[in-house]
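Let me begin by presenting the structure, written as structure tokens, before commenting on it.
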Amino acid sequence: IILISDIEDLTTTEAEDFVVSGTARGFENNAQLSVVVSSDNPINEDEELNLTAIVTNGTWTTAPEDISSWESGTLTITVDGSNDGGQAAEQAFQEVELEDDIEPKVNGITVNSGDPIVDDQTAFVSLTFSERVENVVANVDGVDVTFTSRDAAKTVWEGTTSGVVTLNANEMFKTVTVTQYQDAQGNMGQVESIEAPVKPLIEITKRGDSIGEDESSRVVISGTARGFKTGDKVTVVGRLESAPNTHYFNETVDVAGSGTWNTPEQNIRDWPSGDINLTVIGQNNNGVAADNAKDTITYEDATPPTVDGEIVFSPEFPVDGQNVTITVNFSELVTGVTATVGGVDVKFEGNDPAQQWVGETEGPVTLSSNEDTITAVVNRGYQDLSGNEA
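full-length UniProt numbering applies: residue 1 is where the sequence shown begins, and numbers increase by one.
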């Protein structure tokens, strides 16, 4: 004969250490009994316990089992066994009511499978609960999450925001909040939230026109940076497409609290005309890098170069019958300079382009008897780097 000790109806709190015990007459010591615990709640269909109890001096008990995750329902307990003589006892049977009194909890919140939230895109949210729940409501920075299935209680809920999420200045995280959920017994859970990182975004302010000579000595590149903290840095690089290794600037600047950034004034006056490729890179204080921002601006130099100031003679007062050296300064870098002093060609030394040209006459100069000056002439035809010819 197998008997089950009466078990009072229990709550899920009490079910954390669930034990079935009783007595067995007509069994030898160490006889094994089969104990099965099942529930009439279909949600618990896969939760059946199949236990073994050992008879000791006419009593038996199962090891403690945690069935606190089971939903409310009627538990059916059956115990079977046979003695050494092969005689089977009549099955012992008892029913116990289990009532879920534990409020559910959020065990985990994941956004975009762990990747940062991207500006102007929807966010994928996965929620894990301590038990099966229903009527789940959540949002990402106020944008509601639409869950893929709401027709049954379950421990994992997945969904996508009903609209895109927009990044703001001076913001590196978005708040993901689970505002409502309940288990099958109607126990409501507490509001839970996390801070999910964002992928920062750098943008370059578009120009409406080309850079002209008036602006070329004070060019400022500006833009915005969202998903960055005030004081985070971005690096701005501008390279002339036709000469990227010789004509470029590189500035690292701070992001302001408003999310704006701008470079100090850049002087590109002596650059040749052409496209300037801009690249801005940076990562926020959370260690998340933005995609590189890229743009192309155009510099147009349409002003011919000019001689800047007076031509300097050496010696200061040329001597008849001797060579003369002259120094000529220009408004910008130029090439193809030729000149004469008193009609004698000047041979310039050094490599062009240059803004200062120094050369010596190819022969001695002759001073006229009726003149007290000698004339140096810079011939037309020299050009700046943009091809503008004087």
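No residue lacks a Cβ here, since even glycine has one placed at the ideal position from N, Cα and C.
Once you ignore the five residues that flank Asp-352 on each side, which residues in its own chain have a CB closer than 6 Å to its CB? Walking along the sequence shown from the start, residue 352 turns up at place 352. Taken in chain order, the residues that qualify are Thr-335.
Taking only three categories from DSSP, how would you classify Asp-345? Here the question's residue 345 lines up with position 345 in the sequence shown. In the structure shown, Asp-345 sits in a strand (DSSP, three-state: E or B).
Counting only runs that start and end within the region 173 to 242, where is the alpha helix (DSSP H) found for 4 or more residues in a row? 213 to 216
From the DSSP output, read off the bridge partner residues of Gln-266. Here residue 266 corresponds to residue number 266 of the sequence shown, with the count starting at 1. Answer is Val-219, bridged to Gln-266.
Could you tell me the distance, in whole angstroms, from the CA atom of Glu-349 to the CA atom of Gly-359? Against the sequence shown, residue 349 aligns to sequence position 349. Against the sequence shown, residue 359 aligns to sequence position 359. Taking the straight line from one Cα to the other gives about 6 Å.
Inter-stretch contact at 8 Å, needing at least 3 Cβ pairs: the region 227 to 245 / the region 274 to 291: yes
Where in the region 145 to 174 do unbroken runs of the beta strand (DSSP E), each at least 3 residues long, occur, reported from the N-terminal end onward? 154 to 161
Same chain, Cβ closer than 7 Å to Lys-154, neighbours up to 5 away in sequence not counted: As a first step, residue 154 must be located in the sequence shown, where it is residue number 154. So the qualifying residues of the chain are Arg-132.
Are Ser-193 and Thr-177 close, meaning C-beta to C-beta below 8 Å? Residue 193 sits at position 193 when you count from the first residue of the sequence shown. Residue 177 sits at position 177 when you count from the first residue of the sequence shown. Yes, these two residues count as a Cβ contact at 8 Å.
How long is the line joining the alpha carbons of Ser-244 and Asn-329, rounded to whole angstroms? Locating residue 244 in the sequence shown gives position 244, counting from the first residue. Locating residue 329 in the sequence shown gives position 329, counting from the first residue. Position check: residue 244 holds Pro in this sequence, whereas Ser was assumed. So the two alpha carbons sit approximately 26 Å from each other.
Less than 6 Å between C-beta atoms, sequence neighbours within five positions excluded: which residues of the same chain meet that for Ile-7? Here residue 7 refers to the residue found at position 7 of the sequence shown. Closer than 6 Å at the Cβ level, and outside the excluded window around Ile-7, lie Val-96.
So, for Asn-292: in the same chain, excluding its five sequence neighbours on each side, which residues have a beta-carbon less than 6 Å away from its beta-carbon? As a position in the sequence shown, residue 292 is number 292, starting the count at 1. Hits under 6 Å: Thr-279 and Ile-281.
Is Thr-361 closer than 8 Å to Val-346 when the C-beta atoms are compared? Within the sequence shown, residue 346 is the residue found at index 346, counting from 1. Within the sequence shown, residue 361 is the residue found at index 361, counting from 1. Yes, the pair counts as a contact, with Cβ atoms nearer than the cut-off.
Under 8 Å between C-beta atoms of Ser-21 and Thr-52: Translated into positions along the sequence shown, residue 21 becomes position 21. Translated into positions along the sequence shown, residue 52 becomes position 52. No, they are not a contact pair.
Excluding the 5 residues preceding and the 5 following Asp-295 in the sequence, name in chain order all residues of the same chain whose CB lies nearer than 6 Å to its CB. Taking the sequence shown and counting its residues from 1, the one referred to as residue 295 is at position 295. Within the same chain, Asp-295 has close Cβ partners Ile-204 and Leu-278.
For Glu-110, I'd like the list of residues in its chain whose CB is within less than 7 Å of its CB, leaving aside the five on either flank, ordered along the chain. Your numbering for residue 110 matches position 110 in the sequence shown. According to the sequence displayed, residue 110 carries Thr and not Glu. Correct list, in chain order: Ser-126.
Please list the terminal residues of the continuous beta strand (DSSP E) segment that includes Asp-254. In the sequence shown, residue 254 corresponds to position 254, counting from 1. Taken as a continuous stretch (DSSP letters only), the beta strand (DSSP E) holding Asp-254 covers 248 to 254.
From Tyr-299, Arg-150, Ala-290 and Asp-119, residue whose alpha carbon lies closest to that of Gly-208: To locate residue 208, count along the sequence shown from 1; it is residue 208. Closest option to Gly-208, Cα to Cα, is Tyr-299.
Quick one: using the 10 Å Cβ neighbour count with 16 as the cut-off for buried, is Arg-380 buried or exposed? Numbered from 1 along the sequence shown, position 380 holds the residue referred to as residue 380. Under this definition Arg-380 is an exposed residue.
Suppose you measure from the CA of Pro-304 to the CA of Phe-313; what does that come to, to the nearest Å? Indexing the sequence shown from 1 puts residue 304 at position 304. Indexing the sequence shown from 1 puts residue 313 at position 313. One C-alpha to the other measures close to 25 Å.
Shortest alpha-carbon distance to Ser-217 belongs to which of Phe-249, Ser-82 and Ile-1? Start at 1 with the first residue of the sequence shown, and residue 217 comes out as number 217. Cα-wise, what sits closest to Ser-217 is Phe-249.
Could you tell me whether the Cβ atoms of Glu-241 and Asp-270 are closer together than 8 Å? Indexing the sequence shown from 1 puts residue 241 at position 241. Indexing the sequence shown from 1 puts residue 270 at position 270. Not in contact: Glu-241 and Asp-270 (Cβ atoms no closer than 8 Å).
Verify the contact flag: Thr-175, CB atom, against every heavy atom of the ligand NAD, threshold strictly below 7 Å. In the structure on display, the ligand NAD does not appear, and there are no ligands present to speak of.
What is the DSSP secondary structure of Asp-275, counted as helix, strand or coil? Mapped onto the sequence shown, residue 275 falls at position 275. The answer is strand: DSSP assigns Asp-275 an E or B state.
Report yes if the C-beta distance between Ile-1 and Val-37 is below 8 Å; otherwise report no. Here residue 1 refers to the residue found at position 1 when the sequence shown is read from its first residue. Here residue 37 refers to the residue found at position 37 when the sequence shown is read from its first residue. Going by C-beta atoms, Ile-1 is not nearer than 8 Å to Val-37.
Quick check: the region 9 to 17 against the region 86 to 102, are there 3 or more CB pairs under 8 Å? yes
Boundaries of the beta strand (DSSP E) in which Ile-326 is found, first to last residue: Taking the sequence shown and counting its residues from 1, one reaches residue 326 at position 326. Here the beta strand (DSSP E) through Ile-326 covers 325 to 335.
Can you list, in chain order, the residues of its chain with a C-beta nearer than 6 Å to that of Glu-251? Leave out the 5 residues immediately preceding and following it. Your numbering for residue 251 matches position 251 in the sequence shown. Excluding positions up to five away in sequence, the list reads Val-236 and Thr-263.
Using the C-alpha atoms, what's the distance from Val-377 back to Val-324? Your numbering for residue 324 matches position 324 in the sequence shown. Your numbering for residue 377 matches position 377 in the sequence shown. Each residue's alpha carbon lies about 13 Å from the other.
Would you mind working out which of Val-341, Ile-311 and Gly-86 sits nearest Gly-321, comparing C-alpha positions? By 1-based counting over the sequence shown, the position of residue 321 is 321. Closest by alpha carbon: Val-341.
Apart from the five residues just before and just after Thr-375, which ones in its own chain have a Cβ nearer than 7 Å to its Cβ? Here residue 375 corresponds to residue number 375 of the sequence shown, with the count starting at 1. Counting only Cβ-Cβ distances below 7 Å, and skipping sequence neighbours, we find Gly-342.
Taking C-alpha atoms, which residue in Ser-368, Pro-200 and Asn-139 lies nearest to Glu-158? The residue you call residue 158 lines up with position 158 of the sequence shown. Comparing Cα positions, the closest option is Asn-139.
I think Thr-260 touches Thr-224, with their Cβ atoms under 8 Å apart; what is that distance to the nearest whole Å? Here residue 260 refers to the residue found at position 260 of the sequence shown. Here residue 224 refers to the residue found at position 224 of the sequence shown. Going by Cβ atoms, the distance from Thr-260 to Thr-224 rounds to 6 Å, so yes, they are a contact pair.
Ser-113 in three-state terms, based on DSSP: Walking along the sequence shown from the start, residue 113 turns up at place 113. Helix.
Alpha-carbon to alpha-carbon, Ser-273 and Asn-388: Numbered from its first residue, the sequence shown carries residue 388 at position 388. Numbered from its first residue, the sequence shown carries residue 273 at position 273. Rounded to whole angstroms, Asn-388 to Ser-273 spans 10 Å at the Cα level.
Give me the Cα-Cα distance between Gln-121 and Ala-169, rounded to the nearest whole angstrom. Position 121 of the sequence shown, counting from 1, holds the residue named residue 121. Position 169 of the sequence shown, counting from 1, holds the residue named residue 169. Computed Cα separation, rounded: 17 Å.
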